[in-house]
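Visitor: Sharing a structure here in structure tokens format.
Written out as structure tokens, the structure reads:
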């Protein structure tokens, strides 16, 4: 079941506003970026954060390990890491906002480490 129409419209409006405020977002749609992304995922096809946790997951995202914030040199030259969608959309976003990545949880539900 898909998202309700109202939520989809809000998301589209949010994305459109973000594209206007952050012109660098258009760089992600260029052939140059797609080539960088492909090269990164070919070189490191597994999610690096999952690997560090002892889990094997295919990477789908070429992630900037240093937030570029529109800096063209950082955007195009990296450094980059390979991430799965989950690690990129949850852990990396938490870290960029000043938080911490999710901690591993044992079978009994208590955090590890």
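Residue numbers (our numbering): 56 to 168. All C-beta atoms, glycine included, are put in the ideal place defined by N, C-alpha and C. All values reported here derive from a predicted model rather than from experimental measurement.
1) Just the C-alpha distance for residue 114 and residue 142, rounded to the nearest angstrom, thanks.
2) Based on the DSSP output, what are the partners of residue 137 in its beta bridges?
3) Once the 5 residues before and after residue 123 are set aside, which same chain residues still bring their CB inside 8 Å of it?
4) Rounded to the nearest angstrom, what separates residue 112 and residue 119 at their Cα positions?
5) Within its chain, find whatever has a CB closer than 6 Å to the CB of residue 92; leave out the 5 residues flanking it on each side and keep chain order.
6) Which one of 138, 101 and 94 has the shortest CA to CA distance from residue 132?
7) I think residue 138 touches residue 108, with their Cβ atoms under 8 Å apart; what is that distance to the nearest whole Å?
8) Determine the direct distance from the alpha carbon of residue 136 to that of residue 101, and round the result to whole angstroms.
Guide: So, to answer that:
1) 9 Å
2) 117
3) Within the same chain, 79, 129 and 130 come within 8 Å of residue 123 by CB-CB distance, once the 5 residues on both sides are set aside.
4) 19 Å
5) 117.
6) Cα-wise, what sits closest to residue 132 is 94.
7) That pair is no contact at about 12 Å.
8) 10 Å
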